[in-house]
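Under numbering that gives the first Met the number 0, the first residue of the sequence shown is numbered 0, with each subsequent residue one higher. Below you'll find the structure, written out as structure tokens, and then a few comments.
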Amino acid sequence: MKKNDKIIIGIGIIVLLISSTLIYLWVPPSIEGEGINEEDIFSISGTLTDDLPSAIEVSSENPFYALIATPLAIHYDKDGKQQVIPLYVKNLTNPSKAITRAEEIIGKPIDACINGSESPRKISIDLAKKYWSKSEGVLLIKNDQEGYNLGVVATPIASYLSIPIIVTDTVDGEIYSTLRNLGVRYYIICGNLSGGGSSFRFDSVEDIVNFSIELVQEKFGDVEYITLTNPIDAWPPKVLDSKDFYFGPDVVKSASMNTQNMIKFMMRYF
0 MKKNDKIIIG IGIIVLLISS TLIYLWVPPS IEGEGINEED IFSISGTLTD
50 DLPSAIEVSS ENPFYALIAT PLAIHYDKDG KQQVIPLYVK NLTNPSKAIT
100 RAEEIIGKPI DACINGSESP RKISIDLAKK YWSKSEGVLL IKNDQEGYNL
150 GVVATPIASY LSIPIIVTDT VDGEIYSTLR NLGVRYYIIC GNLSGGGSSF
200 RFDSVEDIVN FSIELVQEKF GDVEYITLTN PIDAWPPKVL DSKDFYFGPD
250 VVKSASMNTQ NMIKFMMRYF
């Protein structure tokens, strides 16, 4: 082997080592973001595919499921024109009569179902890939209590802008790749997550409410209604104490008892 060949090979090996080191240390730009003004978000929008479901069924097992499906179920174009798809949040094993009755009255076939078999992260990624052809922005929600408390208030923003919602514990390469394929440039963040190249973070419910009011005024001109909600309602209550009472074996025949006898009967147990 000639001396020059050895030099060329040596230089090539050095270049490969440097390149592999840089690749290992490289962090996608979506992980490290720069802040933007809220006015920059007002003009962004997403475009959904033509192959949208007729109706959506969502398991009540996880409160994030309904948030993820909301911008798919109701969204607006740049001109403020609304499109609505029925969204049913229900106990899939024992649905309430109100839900089943609503499904019968509306009469649209349910051809999209979030049945609780997948994590909120996977579901949100799958919906973004399947139903959005492109999107300038995304709403990132941390998969925890704080993220939900902020996200449930911020979800209408995703509907107004027609952008997908991604629920996750961290923004990694898979999420970055999904959002890059959609053309996402702006990241709206709820919770302790690192956002993308241009990111806007909500730290409180009050900030989200104020932003939503300004967005609605900018997009629609007037605010003719307000909706109030309590995020804690979506989480099962904690039982602090309980006490059991046993009655019987007497049978109360309310149709044949007069009021006086009923009172006497009840007083026997109190």
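Just so you know, even glycine gets a beta-carbon here, dropped at the ideal spot from N, CA and C. These numbers come from a predicted model, not from an experiment.
Item to check | Simplified DSSP assignment, three categories, for glutamate 217 | outcome: One-based indexing of the sequence shown puts residue 217 at position 218. Reduced to three states, the DSSP call for glutamate 217 is helix.
Checklist entry - Nearest to isoleucine 109 by CA position, among Leu47, Val88 and Arg120, is which residue? => result Counting from 1 along the sequence shown, the entry for residue 109 is found at position 110. Closest option to isoleucine 109, judged by alpha-carbon separation, among Leu47, Val88 and Arg120: Val88.
Checklist entry - Exposed or buried, which one is tyrosine 224 when buried takes at least 16 other CB atoms within 10 Å? => result As a position in the sequence shown, residue 224 is number 225, starting the count at 1. It is exposed - the Cβ of tyrosine 224 has fewer than 16 other Cβ atoms within 10 Å.
Item to check | Start and end residues, beta strand (DSSP E) containing glutamate 56 | outcome: Within the sequence shown, numbered from 1, the residue matching residue 56 stands at position 57. Counting along the chain, the beta strand (DSSP E) containing glutamate 56 begins and ends at 55 to 58.
Checklist entry - Under a Cβ-count criterion, where at least 16 other Cβ atoms within 10 Å of its own Cβ denotes burial, should glycine 45 be classed as buried or exposed? => result On the sequence shown, residue 45 is found 46 positions in, with the first residue counted as 1. With 16 or more other Cβ atoms within 10 Å, it is buried.
Item to check | Run of the alpha helix (DSSP H) containing isoleucine 188, from where it starts to where it stops | outcome: Within the sequence shown, numbered from 1, the residue matching residue 188 stands at position 189. Unbroken run through isoleucine 188 is the beta strand (DSSP E), 185 to 189; no alpha helix (DSSP H).
Item to check | One or two residues paired with alanine 111 in a DSSP bridge | outcome: Looking up residue 111 in the sequence shown gives position 112. According to DSSP, which records beta bridges pairwise, alanine 111 is partnered with Ile55.
Checklist entry - Would you call the stretch 91 to 105 and the stretch 181 to 195 in contact, with 3 or more CB pairs under 8 Å? => result Of all C-beta pairs linking the stretch 91 to 105 to the stretch 181 to 195, fewer than three are shorter than 8 Å, placing the two stretches out of contact.
Checklist entry - Under three-state DSSP, which class holds leucine 192? => result Indexing the sequence shown from 1 puts residue 192 at position 193. Coil at leucine 192, not helix or strand.
Checklist entry - Is the distance from the Cβ of threonine 167 to the Cβ of leucine 66 below 7 Å? => result By 1-based counting over the sequence shown, the position of residue 167 is 168. By 1-based counting over the sequence shown, the position of residue 66 is 67. No; because the gap between Cβ atoms is not below 7 Å, this pair is not in contact.
Checklist entry - DSSP state of isoleucine 270, grouped into three classes? => result Summary: the structure shown does not reach residue 270, with the chain confined to residues 0 through 269, and so no result is reported for it.
Item to check | Three-state secondary structure assigned by DSSP to tyrosine 64 | outcome: The residue given as residue 64 occupies position 65 in the sequence shown. Here tyrosine 64 carries a helix assignment [DSSP, helix/strand/coil].
Item to check | glutamate 135 vs tyrosine 185 beta-carbon contact at 7 Å | outcome: Working through the sequence shown from its first residue, we reach residue 135 at position 136. Working through the sequence shown from its first residue, we reach residue 185 at position 186. Taking 7 Å as the Cβ cut-off, glutamate 135 and tyrosine 185 qualify as a contacting pair.
Checklist entry - Whose CA, out of Thr99, Leu138, Leu47 and Thr48, lies closest to the CA of serine 198? => result Position 199 of the sequence shown, counting from 1, holds the residue named residue 198. From the listed residues Thr99, Leu138, Leu47 and Thr48, the smallest Cα separation to serine 198 is found for Leu138.
Next on the checklist: For leucine 181, count the other beta carbons within 10 Å of its own beta carbon; 16 or more makes it buried, fewer makes it exposed. Which is it?
Outcome noted: Within the sequence shown, numbered from 1, the residue matching residue 181 stands at position 182. The residue is buried, with at least 16 neighbouring Cβ atoms inside 10 Å.
Checklist entry - Could you give the residue range of the beta strand (DSSP E) that holds isoleucine 225? => result Working through the sequence shown from its first residue, we reach residue 225 at position 226. Where isoleucine 225 is concerned, there is no enclosing beta strand (DSSP E), given that its DSSP letter is neither H nor E.
Checklist entry - Quick one: what does DSSP say leucine 71 is sitting in, helix, strand or coil? => result The residue given as residue 71 occupies position 72 in the sequence shown. If DSSP states are grouped into helix, strand and coil, leucine 71 belongs with the helices.
Next on the checklist: Suppose you measure from the CA of aspartate 78 to the CA of lysine 218; what does that come to, to the nearest Å?
Outcome noted: Against the sequence shown, residue 78 aligns to sequence position 79. Against the sequence shown, residue 218 aligns to sequence position 219. Cα to Cα, aspartate 78 sits roughly 8 Å from lysine 218.
Checklist entry - Who are the Cβ neighbours of phenylalanine 210 in its own chain at under 6 Å, not counting the five residues just before and after it? => result The residue labelled residue 210 in the question sits at position 211 within the sequence shown. Closer than 6 Å at Cβ, skipping near neighbours: Glu37.
Checklist entry - For the putative contact between tryptophan 131 and proline 163, defined by C-beta atoms under 8 Å, what is the C-beta separation to the nearest angstrom? => result Residue mapping note: residue 131 aligns to position 132 of the sequence shown, counting from 1. Residue mapping note: residue 163 aligns to position 164 of the sequence shown, counting from 1. About 5 Å separates the CB atoms of tryptophan 131 and proline 163; that is less than 8 Å, so the two are in contact.
Item to check | Outcome for serine 116 when other beta-carbon atoms lying within 10 angstroms are tallied against a minimum of 16 | outcome: Along the sequence shown, one-based indexing puts residue 116 at 117. Counting the other Cβ atoms within 10 Å of the Cβ of serine 116 gives fewer than 16, which makes it exposed.
Next on the checklist: Counting C-beta neighbours from all protein chains within 10 Å, is the total for lysine 141 16 or more, i.e. buried, or is it exposed?
Outcome noted: Position 142 of the sequence shown, counted from the first residue, corresponds to residue 141. Of the other Cβ atoms in all chains shown, 16 or more fall within 10 Å of the Cβ of lysine 141; this residue is therefore buried.
Checklist entry - Apart from the five residues on each side of it in sequence, which residues of its chain come closer than 7 Å, Cβ to Cβ, to cysteine 112? => result The sequence position of residue 112 within the sequence shown is 113, counting from 1. Residues of the same chain with a CB within less than 7 Å of the CB of cysteine 112, apart from the 5 flanking positions on each side, are Glu56 in chain order.
Item to check | Cβ pair isoleucine 207, valine 151 closer than 7 Å | outcome: Start at 1 with the first residue of the sequence shown, and residue 207 comes out as number 208. Start at 1 with the first residue of the sequence shown, and residue 151 comes out as number 152. It is not a contact, given that the beta carbons lie outside the stated cut-off.
Checklist entry - Since tryptophan 234 sits in a beta bridge, which residues does DSSP pair it with? => result Here residue 234 is taken as the residue at index 235 of the sequence shown, counted from 1. As DSSP reads the structure, tryptophan 234 sits in no beta bridge.
Checklist entry - Rounded to a whole number of angstroms, what is the C-alpha to C-alpha distance between serine 53 and threonine 169? => result As a first step, residue 53 is located in the sequence shown; it is residue number 54 there, counting from the start. As a first step, residue 169 is located in the sequence shown; it is residue number 170 there, counting from the start. Inter-residue distance for serine 53 and threonine 169 is about 32 Å (C-alpha atoms, whole angstroms).
Checklist entry - Does DSSP put leucine 91 in a helix, in a strand, or in coil? => result Residue numbering aside, residue 91 sits at position 92 when the sequence shown is read from its first letter. Leucine 91 sits in coil when the DSSP states are folded into three classes, being neither helix nor strand.
Checklist entry - What are the start and end residues of the alpha helix (DSSP H) that includes valine 151? => result The residue given as residue 151 occupies position 152 in the sequence shown. First-last of the alpha helix (DSSP H) with valine 151: 144 to 160.
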